[in-house]
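Everything on this sheet refers to the single structure shown next.
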Amino acid sequence: MSRYYKTTENRVFDGVVNLVMILTLLICFLPFVYMAALSFSSSKAIINNQVSFWPVGFNLDAYKQIFTYPNFFQAYGNTFFYTICGTAIAMLMTIMFAYPLSKDYLLGHKFFMKLVVISMFFAGGMIPNYLLVSSLHLTGTRWAMLLPFCISQFNLIIMVNAFKGLPHELEEAALIDGLGYWGILRRIVVPLSTAAIATVGLYYAVFFWNDWFNSLIYLNKDQYPVMLFLRNIVNGTAMVGDGAGSADKTSLGIAIKSAVIIVSNAAHHHSISFPAKNTLSKALLSAALRAKAIPHNLGAAAAGGCLKPLGGNCTVLSQDKLAEAIPAECEETFMVKLDSISTEQRNPATSHIDEVSTLEIVRLMNQEDKKVALAVEAELPQIAKAVDVIYAALQSGGRLIYCGCGTSGRLGVLDAAECLPTFGAGRDMVDAVIAGGQSAMLVPVEGAEDNRDLGREDLEKLHFSGKDVLCGIAASGRTPYVLGAIAYAKSLGAATISVTCCPGSEVDTSADIGISPSPGPEVVTGSTRLKSGTAQKMVLNMLSTATMIKLGKVYGNLMVDVRASNEKLVERCVRIVRTATGADTAAACAALEQCNYSAKTAILMILRGIDAPAAEARLAQTQGRIA
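Given below as C-alpha cells:
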C-alpha cells in the first residue's frame, strides 16, 4: 500500500492539490494583509498608491484615532456581552424548539415546520418588527438585542436534522430505564450532537458580533456595540479624533477605514457581515416618519438610511427633532462651511423637481443652463486678460497647465487632450494634472483633493517652471489641492489663473487672474458637474481656443493645424483645404499627400503656387501663420 501511495502519479496529484490549496489560502489572506499594510501606512503613501503588502511610512495614527475615540472600549464590552449572552440564549431556545420538532410522531409537527419555513422567506419587515419590540417596551434596553433574534430559522432546521439523525433506539432504551425526556435531552441528545451545536453556536456568535443595524434602531449610544461604533467611523472619518485639522483628518480616511477592518476582526476572526438589512428604502423610512408609523422614541439613528449620521455622538431624538440628528461637531465642520459657498445653496426654482414630469425636469434644467452663458459673459474681460498671459507664455516656450479635482480636474484634462487633435498642440504646450492621477478620471480618489502637498508634487513631476502658466480649476474655490499648486507656481514666479464659480473665494483671490462666473445654485443642490461644470467648460474653451487662434492655428475660422490621425480627420483636412483655397478634391488631396497631410502647408502651397519645402519654410518665417 505504501509503495502505491509513493508512485509518481500520486505525488503529482498531491502536489497539484497542495498548490491549489496554497493559492486559495493566499487569495483569501492577501486582502487582509493589504488592509493591514494600509492601516499602518502614512496617508501620503496611500494617496500616491505606494502601498502594496508592506507598510510605507509606518505609523499608528489610524489606530490612535480609533482607540482614543470616546466610549470605544465601552462599545467593545457591549459587543462581548451581546455575543456571549445572545449566543447562550439563542442556543438554549433553539435546542428547546428543535428537539420536539425532530419527533415525526409529534402532533402538529408538519404544521409547525411549515410555519418555520414560511417565516424564513417572508418576514414582517423593519417597521412591524420595531412596533413589536416597542410594544414590549424593549427599546432602549439590551434585551432588544437578545430576545428578538434568539431563534434563527436556518439554524433551527440544522439542529432539527441533527437531532433526527440520532438513533431512536437510544431514547427508547433510556425511557425503559426510567429516564424522562428532559434527562434524555440533557444526557444523551445534547452530548451526541456537539458537532451540530458547535456549528450553530458559531453561526449565532458571528451574527451577534457583527450585528450593528438592529442596535442602530433599538439602542441608545451608550449601548452601541463596537461594529456600529466602527461603522460610524467609516461613514464619517472626519469625526474621529480631536487633534488634527479637517484636512489631516480627511487624509487619514483610508488608513482609518483599513484599521477599522483590522480592529473589527481582532477578537473575532470570522467576520461575516449581514448587509441585506442595510438596503432599506429611503422612501419607506420617510413615508413611515411622515405617517408617524414609527413611535416617538425611535432614535434618529433609525433613519440612518435618510440622515446617515457621521459619528457616534447622535442621541436618541423624537421624530419632531430628526432635523437635529446630525451632531453639533458635524454641523460645525461641514454645514457652516458649505453655507458660505454659492455652489452649495439650494435653488428655489428646482425645489420640486422630483415631483414633476420628465418634460418639466428637462425644461427646468434648460432654463437654469441659460443663465450660464450670461454668467460667463460678465467675466469676459478677465478671460481676455488670461488669454493674453497664456499667449505670451506659449510664445516664450512655456506651457499652459490645468490643475483641478473631480469634475473640475476632468474638464482640465479633457481640454488639454483635445488641443492635440484640434490644434496640433501637444503636451509641450498644454497639459493637465488631476488630484489622484489618471485613475481619478474614472473613479474618485478619496482624500486626494484635500492634500495641498499633492498639488505641488504633481506639478514637480511635470517639471513645472516659472515660464509656464498654471490654471487652477475649482468650482467651490476652496480645494486644498489647487491652492497648494497655485502657491507652488507663484513661488517659482509663474503666472497663475483661477477658474471658479465662487467670486471672492480663496482660490479666486490667490491667483493672479481670477475668473469666477457665478451661474447660481445648482439644479440639484451641490452637484457642481451641472451649471458650474458647464460654466467652467465654456471658460476653458475660450482660454485654449482664443490662445490657439492668436498663435496662428486658425485660418479664418478653419482649424488648419488639425492632426489627421484618423479617417474622419483626413476627410476634414481635405474639406479645410478645399474651403480655404477653392481647389477641387483632387488638387487638395495631391497637395496634402506632398506635405504629410498638413492642412496649413497644403493651403499655402495652393495659394502661393509653391512646393511643400518652400511652404514649410515660409510658415517658419511667419511663426506658423498663413501669409
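In this note's numbering, the protein residues as written are 133 to 759. Backbone N, C-alpha and C fix where the C-beta goes; we use that ideal spot for every residue, glycine too.
Check: Give a yes or no on contact between the stretch 606 to 620 and the stretch 498 to 514, applying the rule of three or more CB pairs nearer than 8 Å.; Outcome: no
Check: Quick check on the DSSP output: the beta strand (DSSP E) that includes Val601 runs from which residue to which?; Outcome: Val601 to Ile605
Check: On the CB-based measure, 16 or more other CB atoms within 10 Å of its CB, does Gly544 come out buried or exposed?; Outcome: buried
Check: Rounding to the nearest angstrom, what Cα-Cα distance links Gln726 and Ser659 in this structure?; Outcome: 51 Å
Check: Would Ile515 pass as a contact of Leu594 if the rule is Cβ separation under 8 Å?; Outcome: no
Check: May I have the straight-line CA-CA distance separating Ala643 from Arg610, to the nearest angstrom?; Outcome: 12 Å
Check: Can you tell me the Cα-Cα spacing of Leu324 and Phe295, whole angstroms?; Outcome: 9 Å
Check: What residues are listed by DSSP as bridge partners for Ile708?; Outcome: Per DSSP, none; premise fails for Ile708.
Check: Given this structure, state the Cα-to-Cα distance separating Tyr356 from Val504, to the nearest angstrom.; Outcome: 49 Å
Check: Can you tell me the Cβ-Cβ gap for Tyr336 and Thr219, rounded? I've got them flagged as a contact below 8 Å.; Outcome: 5 Å
Check: Tell me the rounded alpha-carbon separation between Pro187 and Phe345.; Outcome: 33 Å
Check: Would you list the residues sitting across from Val562 in a DSSP beta bridge?; Outcome: Leu532
Check: Nearest by alpha-carbon distance to Val614: which of Met497, Val565 and Ile283 is it?; Outcome: Val565
Check: Could you tell me whether the stretch 705 to 722 touches the stretch 653 to 670, where touching means 3 or more Cβ pairs closer than 8 Å?; Outcome: no
Check: Can the beta-carbon of Lys685 be found closer than 8 Å to that of Tyr523?; Outcome: no
Check: Let me check understanding here. Comparing Cα to Cα, which of Leu362, Val656, Ala549 and Ala626 lies closest to Thr482?; Outcome: Val656
Check: Within the stretch 169 to 229, note down every full alpha helix (DSSP H) run reaching 4 residues or more, in order along the chain.; Outcome: 175 to 179 and 193 to 199
Check: From what residue to what residue does the beta strand (DSSP E) around Val631 run?; Outcome: Ala627 to Val631
Check: With H, G and I counted as helix, E and B as strand and the rest as coil, what does DSSP make of Tyr729?; Outcome: coil
Check: Relative to the C-alpha of Asn203, which candidate in Asp354, Ala194, Cys282 and Ala306 has its C-alpha closest?; Outcome: Asp354
Check: From the DSSP output, which residues share a beta bridge with Gly646?; Outcome: Ser630
Check: Check whether the Cβ atoms of Pro328 and Ile289 lie closer than 8 Å to each other.; Outcome: Pro is not the amino acid found at residue 328; the sequence shown has Ala there. It is not a contact, given that the beta carbons lie outside the stated cut-off.
Check: I need the straight-line Cα distance from Asn689 to Asn673, nearest angstrom please.; Outcome: 15 Å
Check: Quick check for students: name the residue ranges of the alpha helix (DSSP H) that lie wholly in the stretch 245 to 321, counting only runs of 4 or more.; Outcome: 258 to 267, 275 to 278, 285 to 296, 300 to 308 and 313 to 316
Check: Could you give the first and the last residue of the continuous alpha helix (DSSP H) run that contains Pro612?; Outcome: Pro612 to Ser623
Check: Do three or more CB pairs link the stretch 253 to 267 to the stretch 298 to 317 at distances below 8 Å?; Outcome: no
Check: Given Ile645, which residues of its chain have a CB within under 8 Å of its CB, disregarding the five upstream and five downstream residues?; Outcome: Gln514, Lys517, Ala518, Val521, Ala627, Thr628, Ile629 and Ser630
Check: Can you name the start and end residues of the alpha helix (DSSP H) that Pro495 belongs to?; Outcome: Inspection of the sequence shows that residue 495 is occupied by Arg rather than by Pro. Thr490 to Glu509 is the extent of the alpha helix (DSSP H) around Arg495.
Check: So the candidates are Ile259, Thr226, Ser171 and Val183; which of them puts its Cα closest to the Cα of Leu279?; Outcome: Thr226
Check: When the Cα atoms are used, what is the spatial distance from Tyr231 to Trp341?; Outcome: 26 Å
Check: Give the C-beta separation of Ala580 and Cys537 to the nearest angstrom, bearing in mind that I take them to be a contact with Cβ-Cβ under 8 Å.; Outcome: 7 Å
Check: Once DSSP output is grouped into helix, strand and coil, what is the label at Tyr237?; Outcome: coil
Check: Which residues mark the beginning and the end of the alpha helix (DSSP H) in which Lys517 is found?; Outcome: Leu512 to Gln527
Check: Alpha carbon to alpha carbon, how far is His241 from Leu233?; Outcome: 6 Å
Check: Kindly indicate the opening and closing residues of the alpha helix (DSSP H) around Pro553.; Outcome: Gly538 to Phe555
Check: Can the beta-carbon of Lys732 be found less than 8 Å from the beta-carbon of Val702?; Outcome: no
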